[in-house]
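S.K.: So the protein sequences, as listed, match chains A and B.
If you're matching positions, the first sequence starts at 1260 in our numbering and goes up one per residue.
If you're matching positions, the second sequence starts at 232 in our numbering and goes up one per residue.
Glycine included, C-beta positions come from ideal geometry on N, C-alpha and C.
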Amino acid sequence: EVQLVESGGGLVQPGGSLRLSCAASGFTFRNYWMTWVRQAPGKGLEWVANIKQDESEKYYVDSVRGRFTVSRDNAKNSLYLQMNSLRVEDTAVYYCARSGLRWDHTEDSWGQGTLVTVSS
Amino acid sequence: DIQMTQSPSSLSASVGDRVTITCRASQGIRNYLAWYQQKPGKVPKLLVLGASTLQAGVPSRFSGSGSGTDFTLTVSSLQPEDVATYYCQRYNSAPWTFGQGTKVEIK
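1) Just the chain A side, please: which residues come within less than 7 Å of B:G247 by C-beta, in chain order?
2) What residues from chain A crowd round B:P275, counting only those whose CB sits closer than 9 Å?
3) Within the continuous beta strand (DSSP E) that includes B:G295, where are the two ends?
4) When DSSP labels each residue in this structure, what does A:D1332 get in the three-state scheme?
5) Shortest alpha-carbon distance to A:S1368 belongs to which of B:L242, B:V250, B:V274?
6) Check the Cβ of A:Y1319 against every Cβ in chain B and list those closer than 9 Å, keeping chain order.
7) Mapping the DSSP letters down to three states, classify A:N1290 as helix, strand or coil.
8) Any idea what DSSP makes of B:D301, helix, strand or coil?
9) Could you tell me if A:R1324 is buried or exposed, where buried requires 16 or more neighbouring beta carbons within 10 angstroms of its beta carbon?
10) So which residues of chain B does A:D1313 contact, with C-beta pairs closer than 9 Å?
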């Protein structure tokens, strides 16, 4: 069974940093593209970033590019999201999701999410 | 970026009704379209990928169709457990984008 468990969320002041982690199990992590998706309170889903199996390709939504960095450690079956220069509008539940073996695949398994609150 | 527009934003229907949600892309995306269901307080669940391929375990009352710019998700006979918000998502090129969601309620 695919399991994705996010951690690292919390309360941070505007301008601060936070690093999210996602521990994967139940599948061969190194074979899959991985993705971060977020959802602001009471709002819709927003795709944030994804990363290729070997980290050779990474993509970001415009609103986080230059501030967020996605990375992974295939030896540890873990996905990360380093978030810098956080803004109030980054407040959301952040989901880790498994994509596909190729780039052109949507997300078929999601974690439970971790809440990030940016507030002074 | 390619924008995804869903309609309606919300709907109320009776149990057993046929329900259709539409999603329009601002440019052609071939069939790189997925549909998700998110029940209140729950994690999104993939229903349909490739515009029309039902994910394993999804009830057959759900179906997806379309290609290019216009897509639909149909629930052939609405059930109480289908109360949720439904999102379309394109994944033809980065960044992927979601529609704004359609909230489905029981009348």
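M.R.: Taking the geometry as given:
1) Locating residue 247 of chain B in the second sequence gives position 16, counting from the first residue. Per Cβ cutoff of 7 Å: no residues; B:G247 is ~28 Å from chain A at best.
2) Against the second sequence, residue 275 of chain B aligns to sequence position 44. Residues of chain A passing the Cβ test: V1296, Q1298, L1304, Y1354, A1356, E1366, W1369.
3) Sequence index remark: in the second sequence, residue 295 of chain B carries index 64 (1-based). Run containing B:G295: 293-298, per the beta strand (DSSP E) assignment.
4) Position 73 of the first sequence holds residue 1332 of chain A. Residue state, collapsed to three classes: strand.
5) Position 109 of the first sequence, counted from the first residue, corresponds to residue 1368 of chain A. For the residues B:L242, B:V250, B:V274, the minimum Cα distance to A:S1368 belongs to B:V274.
6) Sequence index remark: in the first sequence, residue 1319 of chain A carries index 60 (1-based). Neighbourhood of A:Y1319 in chain B, by CB distance below 9 Å: A325, P326, in chain order.
7) Against the first sequence, residue 1290 of chain A aligns to sequence position 31. Of the three classes helix, strand and coil, the one that applies to A:N1290 here is helix, per DSSP.
8) If you number the second sequence from 1, residue 301 of chain B lands on position 70. Correct three-state label for B:D301: strand.
9) Residue 1324 of chain A sits at position 65 when you count from the first residue of the first sequence. By the neighbour-count rule (16 or more Cβ atoms within 10 Å), A:R1324 is not buried but exposed.
10) Here residue 1313 of chain A corresponds to residue number 54 of the first sequence, with the count starting at 1. The premise fails here: A:D1313 is roughly 17 Å from chain B at the closest Cβ pair, so nothing lies under 9 Å.
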